[in-house]
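When the letters of the sequence shown are read in order and numbered with mature numbering (1 follows the signal peptide of the UniProt record, and there is no 0), they come out as residues -33 to -1, 1 to 170. Glycine is no exception: its CB is placed at the ideal position from the N, C-alpha and C atoms. On a predicted model such as this, the values are computed, not experimentally measured, just so you know.
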Amino acid sequence: MATRFSKALRGVLGAAAVSAIALTGIAAPAAAAADGANTPIISTQNTRTIRGERYIPGISLSPDGCEIWVMDDGAEGYAVSRVTRDGRPVCHEINICGTLKADQYFATDSYKIYPQSRYRLDEFFRDAKAFGYIIVGHTDARASNAYNDRLSLNRANSVAAVAHANGARVIDVRGYGENYPVATNSTAEGMAQNRRVEILCVR
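1) Let me confirm a value: residue 246 is counted as buried when at least 16 other C-beta atoms fall within 10 Å, else exposed. Which label applies?
2) Looking only at its chain, what residues have a beta carbon closer than 7 Å to the beta carbon of residue 84, apart from the 5 residues adjacent to it on each side?
3) I'd like to know whether the C-beta atoms of residue 100 and residue 169 end up nearer to each other than 8 Å.
4) When the distance is taken between beta carbons, is residue 125 closer than 8 Å to residue 80?
5) Who pairs with residue 104 in a beta bridge, going by DSSP?
6) Could you check whether the segment 138 to 145 touches the segment 108 to 122, counting it as contact only if at least three pairs of C-beta atoms, one from each stretch, sit closer than 8 Å?
7) How should residue 115 be labelled, buried or exposed, when 16 other C-beta atoms within 10 angstroms of its C-beta is the threshold for buried?
8) Taking the alpha helix (DSSP H) that residue 124 falls in, what are its first and last residues?
9) Determine the extent of the alpha helix (DSSP H) in which residue 94 is found, giving its start and end residues.
10) Could you name the residues of the same chain whose beta carbon sits closer than 7 Å to that of residue 135, not counting the 5 residues immediately before and after it, in chain order?
11) For residue 169, which residues does DSSP report across the bridge?
12) I need the straight-line Cα distance from residue 51 to residue 112, nearest angstrom please.
13) Decide if residue 106 is buried, meaning its Cβ has at least 16 other Cβ atoms within 10 Å, or exposed.
14) Would you kindly check if the distance between the Cβ of residue 55 and the Cβ of residue 35 is under 8 Å?
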């Protein structure tokens, strides 16, 4: 009887010890965090330790307006498309909600925005209320492709800087140079229409 009792007692004590070890393992990170060690530790099976920042999940958007779950701790990053319960991607409608005539917003060969135009842009980004913006620069066909690509991107980046300053989410900034004209480059009027920065609103 005593033997049976001691075996049973050892079994109970053994289970308690295992539970205590398990609880200690769970409580250890919390204790470390309380001591100010707020950097998480990720241990792999070969005991190599990776130190990184805390994982902060968020939602980003692809250039076509579809949502992507992203998470990065500084050591590793993950991205996966956000889908509905039935597997469809979560996407937003994109439309051109503003076209800036370059001649009214920039000096020739410059990407610095005129002060009076900056005021109009500030007002636009405060009032538009879109989920995010894609900003695209275009030029006429008078200079080289490389020059036009650079100028169109610089002008788009200048507009994006105004958006950022007003707390707007800029999803993408592109410079297409002379590749997507909306009018002929054979006339002064047509070239003026092609010199533009388009703001696409993601709803």
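So, from the data block:
1) Nothing in the structure corresponds to residue 246, since the chain is present only between -33 and 170.
2) 71, 72
3) Cβ distance < 8 Å, so residue 100 and residue 169 count as in contact.
4) yes
5) 142, 164
6) yes
7) buried
8) Note, residue 124: alpha helix (DSSP H), 112 to 132.
9) Looking at the DSSP string, the run of the alpha helix (DSSP H) that includes residue 94 is 82 to 94.
10) 92, 100
11) 61, 99
12) 42 Å
13) buried
14) no
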